[in-house]
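Colleague:
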Amino acid sequence: MKVINKKMALFISLLIAVAVPVFAYVYSLTLDYTKQIPVGVVVRYPIPAQFGVYWNYECTMPVTFIDFGEIPQPRTWMSLYKTIYIRNEQPDKRIWIYWNSTLRDATTQISESWISNGTMIEPGSYYWSSYYLSIPTNVDLGTYNWTITIWAEY
Amino acid sequence: MKISKASAILLPTILASSLLWAITYQSSPNEAKQVFVGLKIRSGEISATVDFKPDVLNLRSKGRWISVYVELPEDFNVVDIDVSSMTVNDTISAELSPTEIGDYDNDTIPDLMVKLERLLVSQFILSKGIMYGNVTLTMTGELYDGTIFEGIDIIRARMPGDVNVDGRVDGKDIAMATRAFATYPEHPRWNCLTDENEDNRIDGKDIASIARNIGKTYT
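Given below as C-alpha cells:
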C-alpha cells in the first residue's frame, strides 16, 4: 500500500509539474497585450458651395478677368498684385475655398501666389487676399494668358 | 420573374431623378468659377526722338538754357516721363522746371520740352576737347513704369565769331554774317549760325562780335 501511495504521489507531482507550465502557456496565448484606442473620423463629403469673387469688399463688382496690363521687362525682380474678395454665399454654412491655375502652362518663368487652399470662410463673411505675380528680370517678352479656377465646398 | 406595378413605376422614376440630379449638380454655376488672367511683357527700352535747340551752340554764349524736345513712339505718352531721371550723356541732368508739353514741330506727336543748363553743356563739350564741329548728345530717361528711353541728336558746337564752324575766325565769317544781315527766322537769307548773340536778329551786334574775335583759331 505504501508503495502504491508513493507511486501515486510521484505521478501526481509529475502531473502537476507538466500541467502547470502547459496551462500557463495555453493561458498566455489567450491573453491580449494590445490596448484599444477609440478613433473617431468624420468623413465630410465635399459639396459644392455658393461663393462669389469680387473686386471690392462691398462685393458688387464680380471678377471675371484680371488684367495686369502691359509692363516693361523689369530690370530688377518685380512683383505685381491685385486684391480680390471672396464671399461666402452659402446660407448658414462654413465654406472652404480651393483654387488652381494654368499659369505653368503659359510660362514657368512667372510665379504666382494667392490664398492657401482650404481657406475657410464663415457664413455671410468675405475673405480678401492679394493675388501676386513674381516676374524675373529675364522674363521673355510676350503676351501671357491663363486661367484661375476657384471652387468652394462645405 | 414578375415585376410589380409599383416597381415598374418607381424604378424609372428613381433613375430619372438621379440622372437629373447628376446633370444639375455637374453643371451647377456655383461649383467652380473661372477667372482669366492676362499680362503682356514688352521691351523695357524704347527709342525716343530728341531735338536739342539751338542746333548750333556757341560755347561761350551767355544764354542760360538749352531746350530739349522729346517725342516717344506710338503707345507711349510723354506725360509718363519722369523728368528727374533725364540726363544728357549720363552727365547733365535736366532741370525739373520749366517743362512743357506741346507739339513744337507740328507733327501731331506730343513732345516734352525740358531745359538744360547751357553752361553745363558747354563745359561738358569743352571738357571733351571739342571747340567746334559736330557733337553727339544722348538723352536718356525713364518713364514712371520703369521703361527706359534713349534718343540721340547731333548739334554743332562753335566758339564766338566762328560762324562757319571751321575753327578760325576770319573774313569768311564776316562775309557770312554780312550776307544774312538784317534778317530774322523765316527770312529767306536767315542763317542761324551768324546769330552770335542768339536774339533771332542778325544786326550790328553780331557783326561786332565776330569782328572782336577776328584772327582767333580754335583747335
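Line by line, the protein sequences give chains B and R.
With the working numbering applied, the first sequence covers 45 to 198.
With the working numbering applied, the second sequence covers 13 to 231.
Ideal Cβ positions, reconstructed from N, Cα and C, are used throughout, including at glycine.
Is R72(R) close to chain A? Criterion is C-beta to C-beta, closer than 7 Å.
Modeller: Absent from the structure: chain A. Protein chains present are B and R.
Colleague: So what does D123(R) bridge to, in DSSP terms?
Modeller: E83(R) and G114(R)
Colleague: Counting only beta-carbon atoms, is K184(R) nearer than 7 Å to chain B?
Modeller: no
Colleague: Three or more C-beta pairs closer than 8 Å, one from the stretch 212-221 of chain R and one from the stretch 76-84 of chain R: is that the case here?
Modeller: No contact exists between the stretch 212-221 of chain R and the stretch 76-84 of chain R.
Colleague: CA-CA distance, Q38(R) and T146(B)?
Modeller: With a pLDDT of 45 at Q38(R), under the threshold of 50, the modelled position of that residue is not reliable, and the figure given next carries that caveat. Straight-line Cα distance between these residues: approximately 21 Å.
Colleague: Which class does T108(B) belong to by DSSP, given the choice of helix, strand or coil?
Modeller: T108(B) falls in the coil class under three-state DSSP.
Colleague: Write down every uninterrupted run of the beta strand (DSSP E) in the stretch 76-151 of chain B whose length is 3 residues or greater and which is fully enclosed by it, in chain order.
Modeller: 95-98, 109-116, 122-132 and 139-145
Colleague: 7 Å is my cut-off, CB to CB: does I53(R) come that close to chain B?
Modeller: yes
Colleague: Drop a sphere of 10 angstroms on the beta-carbon of V126(R), count the other beta-carbons inside from all chains shown, and report buried for 16 or more, exposed for fewer.
Modeller: buried
Colleague: Would you say T163(R) faces chain B, with C-beta separation under 7 Å as the test?
Modeller: The sequence shown places Gly at residue 163(R), not Thr. No, G163(R) does not count as interfacial toward chain B.
Colleague: Taking the alpha-carbon positions, what's the T36(R) to L185(B) distance?
Modeller: Reliability fails at T36(R), whose pLDDT of 46 lies under 50, so the model's placement of it is uncertain and the value that follows must be treated cautiously. Roughly 43 Å between the two C-alpha positions.
Colleague: What does R201(R) pair with, by DSSP beta-bridge criteria?
Modeller: According to DSSP, R201(R) bridges with nothing at all.
Colleague: Using a C-beta to C-beta distance shorter than 9 Å, which residues of chain B count as neighbours of Q46(R)?
Modeller: T108, T191, I192, T193 and I194
Colleague: Nearest chain R C-beta to Y98(B) closer than 7 Å, yes or no?
Modeller: no
Colleague: Give me the Cα-Cα distance between L138(R) and D94(R), rounded to the nearest whole angstrom.
Modeller: Spanning the two alpha carbons is a distance of roughly 28 Å.
Colleague: Count the other C-beta atoms from every protein chain shown that fall within 10 angstroms of the C-beta of E208(R), then say buried if there are 16 or more, exposed otherwise.
Modeller: Buried, because 16 or more other Cβ atoms sit within 10 Å of the Cβ of E208(R).
Colleague: Please work out which residues of its chain come closer than 7 Å, Cβ to Cβ, to G158(R), disregarding the five sequence neighbours upstream and downstream, and give them in chain order.
Modeller: A distance below 7 Å between beta-carbons, with the five flanking residues on each side excluded, links G158(R) to the following residues of its chain, in chain order: G56.
Colleague: To the nearest angstrom, report how far apart P116(B) and E154(R) are at their CA atoms.
Modeller: 11 Å
Colleague: What residues from chain B crowd round A43(R), counting only those whose CB sits closer than 7 Å?
Modeller: The amino acid occupying residue 43(R) in the given sequence is Glu; Ala does not appear at that position. Here the neighbours are P92 and W195.
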